[in-house]
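Before any comments, here is the structure.
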Amino acid sequence: MADRSDLEDTSARLDEVVRAAYRQPSAADEPARTRLLARLASETGAARGFRGWFAVREYHARPVWVAATLVAVLAAGVWLGVRLAGPSNAARVVARGSAAATAAAAAGTAPVTFVLRAPGATRVSVVGDFNNWDAEATPMMHSGSGDLWVLNLRLPRGMHLYSFVLDGSEWRPDPSAPLAADGSFGGHNSVIVVEGAKGL
Amino acid sequence: MRRALVLAAVLTLALAHAASADEAGDDARLNARLAPDVAREVSALVREARTAGLPTDPLIARAFEGASRGADAAGIVAGVRRQATAQAAARGALGAGTQGDEIVAAASAVLAGVPADSLAHLRLARPGGNLVIPLVVLCDLVARGVPADTASVAVVTAARAGATDNALLRLRERIHTGIENGGAPGVTVNLVVRQWLQQSPGGSRHAEPGSEKKRSH
Chain A
258 MADRSDLEDT SARLDEVVRA AYRQPSAADE PARTRLLARL ASETGAARGF
308 RGWFAVREYH ARPVWVAATL VAVLAAGVWL GVRLAGPSNA ARVVARGSAA
358 ATAAAAAGTA PVTFVLRAPG ATRVSVVGDF NNWDAEATPM MHSGSGDLWV
408 LNLRLPRGMH LYSFVLDGSE WRPDPSAPLA ADGSFGGHNS VIVVEGAKGL
Chain B
72 MRRALVLAAV LTLALAHAAS ADEAGDDARL NARLAPDVAR EVSALVREAR
122 TAGLPTDPLI ARAFEGASRG ADAAGIVAGV RRQATAQAAA RGALGAGTQG
172 DEIVAAASAV LAGVPADSLA HLRLARPGGN LVIPLVVLCD LVARGVPADT
222 ASVAVVTAAR AGATDNALLR LRERIHTGIE NGGAPGVTVN LVVRQWLQQS
272 PGGSRHAEPG SEKKRSH
């Protein structure tokens, strides 16, 4: 029995020694602490950079600054909306007739073919809001047979006004496209609508 | 919070810069093509339109069209002013949320003589739908000699009966053919639209051209 008691005492002392050893700071504790602090500091530094924009933080904002920010963001949204809703994008041509239409959306434009039968004309061009109504900018090509003049263009999505100019002076609307109102300069223009993703 | 302020400042500066860049770009385009005094007057009209939130490119295009057609200085400025006035009237009739192309198409209808209340009826006939094609068809009919009231009633009636853009374009072609074959414009419009209403699914449930005007005006 005495042997057993001695063994239990020895075991109890051994346990106490082990517990005491665990309670002592280890030799590597201080350097590890230093390394840990350094790593934390570096991560905090990174958070101030790119990731910091997405970090969840507590802000205390004055109402006036919040209101100013909201107004600025709203103004930006309105401005962007107005810009994006402007008449300039495309995908499908709706207007029928000689300025007719194939579609195929590509970067906001679509191919359009203008065709005019103009007997006796030696020079024909297309003028419109897409070329600043410049009679020299977009000449049509004679088809080589008959009196047909043809031009392939890519036009931005949206509604466009245009006309044909024969021999540099005679303005003529497209005979088979919709007419626009007389724009105060003594003649009708034609309308082409290049359709796109805006619900046209 | 400091970040939000920086963002707001950047956005504000970007807005101001974009607006001034737009103005400078427009002025440069106008000065390159028009006489200085004409360019100055047109530029003022363009600035007014931009301030009012109206499309500005159609005004510049109108000035260039006038120059290309050989209009004199007063004629160019008058043409641009008419366009600006028509755009403002068109937006007033169609509502504040009207898209740029709709405003331009409606302005063309106004210039053709379509009454503003007809534009409002068209908006009601297609709530939330795009009106560019109906307006293009309406303007075309008036330009081909159909009385504005008759054309308005026809297009509003067809739109209210559910006519799609393609259906309206087909109607326009049939009307055009009828007029070219000697039909009186107003009579031809009523005839073609009445036929369409009788043939289209659900079309007979809607009022025929003629009765529409009495109901809506």
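Chain order of the listed sequences is A and B.
Heads up: the first sequence begins at 258 in the numbering used here, then just goes up one per residue.
Heads up: the second sequence begins at 72 in the numbering used here, then just goes up one per residue.
Note that beta-carbon positions come from the ideal geometry of N, C-alpha and C, so glycine has one too.
Strictly below 7 Å CB to CB, what residues from chain A border B:Ser179? Here residue 179 of chain B refers to the residue found at position 108 when the second sequence is read from its first residue. At a C-beta separation below 7 Å, B:Ser179 has these neighbours in chain A: Ala437 and Ala438.
What residue does the beta strand (DSSP E) around A:His445 start on, and which one ends it? For the purposes of this step, residue 445 of chain A is taken as the residue at position 188 of the first sequence. For A:His445, there is no enclosing beta strand (DSSP E), as DSSP marks it with neither H nor E.
Give me, in chain order, the residues of the same chain whose beta-carbon lies closer than 6 Å to that of A:Pro396; leave out the 5 immediate sequence neighbours on both sides. Mapped onto the first sequence, residue 396 of chain A falls at position 139. So the list reads Ser382, once near-sequence residues are dropped.
From which residue to which residue does the beta strand (DSSP E) around A:Thr366 run? Residue mapping note: residue 366 of chain A aligns to position 109 of the first sequence, counting from 1. Run containing A:Thr366: Thr366 to Arg374, per the beta strand (DSSP E) assignment.
Closest residue to A:Leu412 among A:Ile449, A:Val372, A:Val328 and A:Thr326 (Cα-Cα distance): As a working note, residue 412 of chain A is residue 155 in the first sequence. Nearest C-alpha to A:Leu412: A:Ile449.
For the candidate residues B:Glu136, B:Asn252 and B:Ala187, whose alpha-carbon lies nearest to that of B:Gly166? Translated into positions along the second sequence, residue 166 of chain B becomes position 95. Ranking B:Glu136, B:Asn252 and B:Ala187 by Cα distance to B:Gly166 puts B:Ala187 first.
Cβ pair A:Tyr419, A:Asp386 closer than 9 Å: Counted from its first residue, the first sequence places residue 419 of chain A at position 162. Counted from its first residue, the first sequence places residue 386 of chain A at position 129. Yes, they are a contact pair.
According to DSSP, simplified to helix, strand and coil, what is B:Gly171? Counting from one through the second sequence, the residue named residue 171 of chain B turns up at place 100. Here B:Gly171 sits in helix by DSSP.
Neighbourhood of B:Gly146 by C-beta distance below 7 Å, restricted to the same chain and skipping five residues each side: Indexing the second sequence from 1 puts residue 146 of chain B at position 75. Gly137.
Examine chain B for any beta-carbon lying closer than 9 Å to the beta-carbon of A:Gly343, and answer yes or no. On the first sequence, residue 343 of chain A is found 86 positions in, with the first residue counted as 1. Caution is warranted here: a pLDDT of 32 is assigned to A:Gly343, below 50, making its placement in the model unreliable, and the coordinate value is therefore given only provisionally. Output row for A:Gly343: interface = yes.
Presumed contact (8 Å Cβ cut-off) between B:Val175 and B:Pro129, rounded CB distance: On the second sequence, position 104 is the one that residue 175 of chain B refers to. On the second sequence, position 58 is the one that residue 129 of chain B refers to. Sure, about 5 Å apart at Cβ, within 8 Å.
Chain B contact residues for A:Met416, given Cβ-Cβ distances below 8 Å: Indexing the first sequence from 1 puts residue 416 of chain A at position 159. Going along chain B in sequence order, the residues near A:Met416 (Cβ under 8 Å) are Asp172, Val175, Ala176, Val203 and Val207.
Continuous beta strand (DSSP E) stretch holding B:Trp267: start and end: For the purposes of this step, residue 267 of chain B is taken as the residue at position 196 of the second sequence. No beta strand (DSSP E) holds B:Trp267; the alpha helix (DSSP H) holding it covers Pro256 to Gln270.
Residues of chain A with a CB under 9 Å from the CB of B:Leu182: which are they? Taking the first residue of the second sequence as position 1, residue 182 of chain B is located at position 111. Those within 9 Å of B:Leu182 in chain A are Ala437, Ala438, Asp439, Gly440 and Ser441.
Would you say B:Asp128 faces chain A, with C-beta separation under 9 Å as the test? By 1-based counting over the second sequence, the position of residue 128 of chain B is 57. B:Asp128 counts as touching chain A.
B:Gln251: buried (16+ other C-beta within 10 angstroms of its C-beta) or exposed? To locate residue 251 of chain B, count along the second sequence from 1; it is residue 180. For the record, residue 251 of chain B in the displayed sequence is Glu; it is not Gln. Counting Cβ neighbours within 10 Å, B:Glu251 comes out exposed, since fewer than 16 surround it.
When Cβ atoms are compared, which residues of the segment 364-387 of chain A fall closer than 7 Å to chain B? Contacts with chain B (Cβ-Cβ distance below 7 Å) from the segment 364-387 of chain A involve Val384 and Asp386, listed in chain order.
Judging by CA-CA distance, which residue of B:Gln170, B:Ala99 and B:Leu116 is the nearest neighbour of B:Arg194? Against the second sequence, residue 194 of chain B aligns to sequence position 123. When only C-alpha atoms are compared, the closest one is B:Gln170.
Residues that A:Val451 contacts on chain B, provided the C-beta gap is smaller than 7 Å: Position 194 of the first sequence, counted from the first residue, corresponds to residue 451 of chain A. Result: empty, since nearest Cβ-Cβ is about 10 Å, beyond 7 Å.
With a threshold of 9 Å between beta carbons, is A:Asp391 in contact with chain B? Looking up residue 391 of chain A in the first sequence gives position 134. Yes, A:Asp391 lies at the interface with chain B (some Cβ there is under 9 Å from its Cβ).
When we look at the beta-carbon of B:Pro198 and count the other beta-carbons within 10 Å, is it buried (16 or more) or exposed? Taking the second sequence and counting its residues from 1, one reaches residue 198 of chain B at position 127. An exposed status is given to B:Pro198, since fewer than 16 other beta-carbon atoms sit within 10 Å of its beta-carbon.
Indicate whether A:Pro430 and A:Gly444 have their beta-carbon atoms separated by less than 9 Å. Numbered from its first residue, the first sequence carries residue 430 of chain A at position 173. Numbered from its first residue, the first sequence carries residue 444 of chain A at position 187. The criterion of a C-beta distance shorter than 9 Å is satisfied by A:Pro430 and A:Gly444.
Identify the continuous alpha helix (DSSP H) that holds B:Leu206 and give its terminal residues. On the second sequence, residue 206 of chain B is found 135 positions in, with the first residue counted as 1. Run containing B:Leu206: Val203 to Ala214, per the alpha helix (DSSP H) assignment.
Taking B:Leu125 and B:Arg162 to be in contact with their CB atoms under 8 Å, please state how far apart those CB atoms are, rounded to whole angstroms. Residue mapping note: residue 125 of chain B aligns to position 54 of the second sequence, counting from 1. Residue mapping note: residue 162 of chain B aligns to position 91 of the second sequence, counting from 1. Taking C-beta atoms under 8 Å as the contact rule, B:Leu125 and B:Arg162 qualify, at a distance of about 6 Å.
Boundaries of the beta strand (DSSP E) in which B:Ser114 is found, first to last residue: In the second sequence, residue 114 of chain B corresponds to position 43, counting from 1. Looking at the DSSP string, B:Ser114 is not in any beta strand (DSSP E); the run it does join, the alpha helix (DSSP H), is Pro107 to Thr122.
What is the DSSP secondary structure of B:Asp137, reduced to helix, strand or coil? What you label residue 137 of chain B is simply residue 66 of the second sequence in a count that begins at 1. At residue 137 of chain B the sequence reads Gly, which differs from the Asp that was named. Correct three-state label for B:Gly137: helix.
Endpoints, the beta strand (DSSP E) within which A:Asn409 is located: The residue labelled residue 409 of chain A in the question sits at position 152 within the first sequence. Per DSSP, A:Asn409 belongs to the beta strand (DSSP E) from Leu405 to Pro413.
Taking only beta-carbon atoms, is B:Gln154 less than 9 Å away from chain A? Here residue 154 of chain B refers to the residue found at position 83 when the second sequence is read from its first residue. Yes, B:Gln154 counts as interfacial toward chain A.
Can you tell me whether B:Leu125 is helix, strand or coil according to DSSP? Position 54 of the second sequence, counted from the start, is the residue given in the question as residue 125 of chain B. Per DSSP, reduced to three states, the secondary structure at B:Leu125 is coil, with no helix or strand assignment.
Cβ of B:Ala219 within 9 Å of Cβ of B:Gly184? Taking the second sequence and counting its residues from 1, the one referred to as residue 219 of chain B is at position 148. Taking the second sequence and counting its residues from 1, the one referred to as residue 184 of chain B is at position 113. Their beta carbons are under 9 Å apart, which means B:Ala219 touches B:Gly184 by this criterion.
Straight-line gap, A:Asp439 to B:Ala214 (C-alpha atoms, nearest Å): By 1-based counting over the first sequence, the position of residue 439 of chain A is 182. By 1-based counting over the second sequence, the position of residue 214 of chain B is 143. Those two C-alpha atoms are separated by around 8 Å.
Nearest-angstrom Cα distance between A:Leu327 and A:Leu436? Locating residue 327 of chain A in the first sequence gives position 70, counting from the first residue. Locating residue 436 of chain A in the first sequence gives position 179, counting from the first residue. Straight-line Cα distance between these residues: approximately 45 Å.
Which chain B residues sit within Cβ distance under 9 Å of A:His445? For the purposes of this step, residue 445 of chain A is taken as residue 188 along the first sequence, with counting starting at 1. Neighbours of A:His445 on chain B, chain order: Ala214.
Using a Cβ-Cβ cut-off of 9 Å, state whether B:Arg342 counts as contacting chain A. Outside the displayed range of chain B (72 to 288) lies residue 342 of chain B, so it cannot be described from this structure.
8 Å contact criterion, which B:Glu119 and B:Ala155 should meet: CB distance rounded: Translated into positions along the second sequence, residue 119 of chain B becomes position 48. Translated into positions along the second sequence, residue 155 of chain B becomes position 84. About 7 Å separates the two Cβ atoms, so the contact holds.
Kindly indicate which three-state DSSP category B:Val185 falls into: helix, strand or coil? Taking the second sequence and counting its residues from 1, one reaches residue 185 of chain B at position 114. Note: B:Val185 maps to coil in three-state DSSP.
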